[in-house]
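Below: the structure, in structure tokens.
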Amino acid sequence: MGAQTQILTGTIADGGQRLDKALADASALSRERVKALIGVGAVMLDGRPVAQASAKVAAGSVWTIAVPAATAAEAQAQDIPLVIAYEDDALIVVDKPAGLVVHPAAGNPDGTLVNALLHHCRGQLSGIGGVARPGIVHRIDKDTSGLLVVAKTDAAHEGLARQFADHSIMRAYRAITAGVPMPPAGTIRASIARSSHDRKKMALVEEGRGKHAVTHYRTLKALDGAALVECRLETGRTHQVRVHLASIGHSLLGDPVYGRCPSRLRPILARLDFRRQALHAAELGFAHPIDGRALHFTSATPVDMEQLLVELGF
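Residue numbers for the sequence shown follow my numbering, beginning at 1244 and rising by one.
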């Protein structure tokens, strides 16, 4: 016999709370899970379906949650080697190589980080991301290397998502740019949205039309026609570093989408067969979502970027 829907029910003890918080406290489900169930009409209050997670509830109200049986993840576990920077029962920090897609999508049905994590973690990943993206709290591009954190439990996922939302996560990237930024340090504040001309690209848009994005950059070393630049993110928008640096005339070397490589540097990239954006997620810091410990991780610059730096006179 197949798994059955689980029916949870109870009575609100303390009135005046948000519905999602009250039900999370009463049911032991995470708030994100409760919100998702509200969204699909699986939550009843005093016999009526509710639609607003933010609605205030009265003491004595009777609630019912229909929790559907778990479905198998669409992604299959695959024995793909991983570099693990840290792991405990709640989360795992992975040092992702360039070329590895984070989760399955059109064109990349398997061979992704999620497939590797399902094997490594034996399926113990947060379900908040859905069946295609278990455990995934944030992403880095396929051809960007470096650190990212993955949630094993819903509680960890919710705690990490909250930190990303309030911009308290520390993220620092190393980038190799075409030319040397002037001024050598600064802050780029420019909203980002999907390009109206090419849906595969992101573009700068007027404030209020896209997602607010802030990048703090500083030049670590001026090179021969290029620079090693550190970027610290306040926000984490799709292609943020790539779009922001390109907007000030210093796109990433090797970037096939936003790059404009100076002609005299092209032979270097060709000789090294360097075909990706020169971007590495080098630092990641956050509070442990369960016990509050301050965690900080660093990742060494990968070999391909080190070779490029040497060629550029580092």
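For each residue, glycine too, the CB sits at the ideal point set by N, CA and C. What you are looking at is a predicted structure, and each value in this text was computed from that prediction instead of being measured.
| Which class does residue 1356 belong to by DSSP, given the choice of helix, strand or coil? | Against the sequence shown, residue 1356 aligns to sequence position 113. Reduced to three states, the DSSP call for residue 1356 is helix.
| Using the beta-carbon count (16 or more within 10 Å), is residue 1419 buried or exposed? | As a first step, residue 1419 must be located in the sequence shown, where it is residue number 176. Residue 1419 comes out buried.
| Reference residue 1471, options 1477, 1461 and 1478, closest by Cα | In the sequence shown, counting from the first residue as 1, residue 1471 sits at position 228. For the residues 1477, 1461 and 1478, the minimum Cα distance to residue 1471 belongs to 1461.
| task | Would you check if the stretch 1543-1551 and the stretch 1519-1533 touch, i.e. whether three or more CB-CB distances between them fall below 8 angstroms? | result | yes
| said: Does the contact criterion of 3 or more C-beta pairs under 8 angstroms hold for the stretch 1290-1307 versus the stretch 1379-1391? | reply: no
| field | Cut-off 8 angstroms between Cβ atoms - residues of its own chain near residue 1244, not counting five sequence neighbours on either side | value | Position 1 of the sequence shown, counted from the start, is the residue given in the question as residue 1244. Any answer about residue 1244 is weak, because its pLDDT of 38 lies below 50 and its placement is not dependable; what the coordinates show is given next. There are no such residues.
| residue 1400 classed as buried or exposed, judged by whether at least 16 other C-beta atoms fall within 10 angstroms | Your numbering for residue 1400 matches position 157 in the sequence shown. The residue is buried, with at least 16 neighbouring Cβ atoms inside 10 Å.
| message | Per DSSP, what are the beta-bridge partners of residue 1474 in this structure? | response | One-based indexing of the sequence shown puts residue 1474 at position 231. Answer is 1416 and 1460, bridged to residue 1474.
| field | With 16 other Cβ atoms within 10 Å as the buried cut-off, status of residue 1449 | value | The residue labelled residue 1449 in the question sits at position 206 within the sequence shown. Classification for residue 1449: exposed.
| Does the beta-carbon of residue 1252 have 16 or more other beta-carbons within 10 angstroms, so that it is buried, or is it exposed? | The residue given as residue 1252 occupies position 9 in the sequence shown. Residue 1252 is exposed by the Cβ-count criterion.
| field | Beta-carbon proximity list for residue 1264, same chain, < 8 angstroms, skipping 5 on both sides | value | Indexing the sequence shown from 1 puts residue 1264 at position 21. Around residue 1264: 1274.
| said: Strictly by DSSP, which residues pair up with residue 1523? | reply: Here residue 1523 refers to the residue found at position 280 of the sequence shown. Beta-bridge pairing links residue 1523 to 1388 and 1417.
| message | For a test of the three-state rule: what should DSSP assign to residue 1548, helix, strand or coil? | response | Taking the sequence shown and counting its residues from 1, one reaches residue 1548 at position 305. Helix, per DSSP.
| Opening and closing residue of the beta strand (DSSP E) in which residue 1367 lies | Sequence index remark: in the sequence shown, residue 1367 carries index 124 (1-based). Here residue 1367 belongs to no beta strand (DSSP E), and DSSP marks it neither H nor E.
| Helix, strand or coil: how does DSSP classify residue 1292 here? | The count along the sequence shown starts at 1 and reaches residue 1292 at position 49. Here residue 1292 sits in strand by DSSP.
| field | Enclosing alpha helix (DSSP H) for residue 1512 [first to last residue] | value | Taking the sequence shown and counting its residues from 1, one reaches residue 1512 at position 269. It spans 1509-1515 - the alpha helix (DSSP H) in which residue 1512 sits, taken as one unbroken run.
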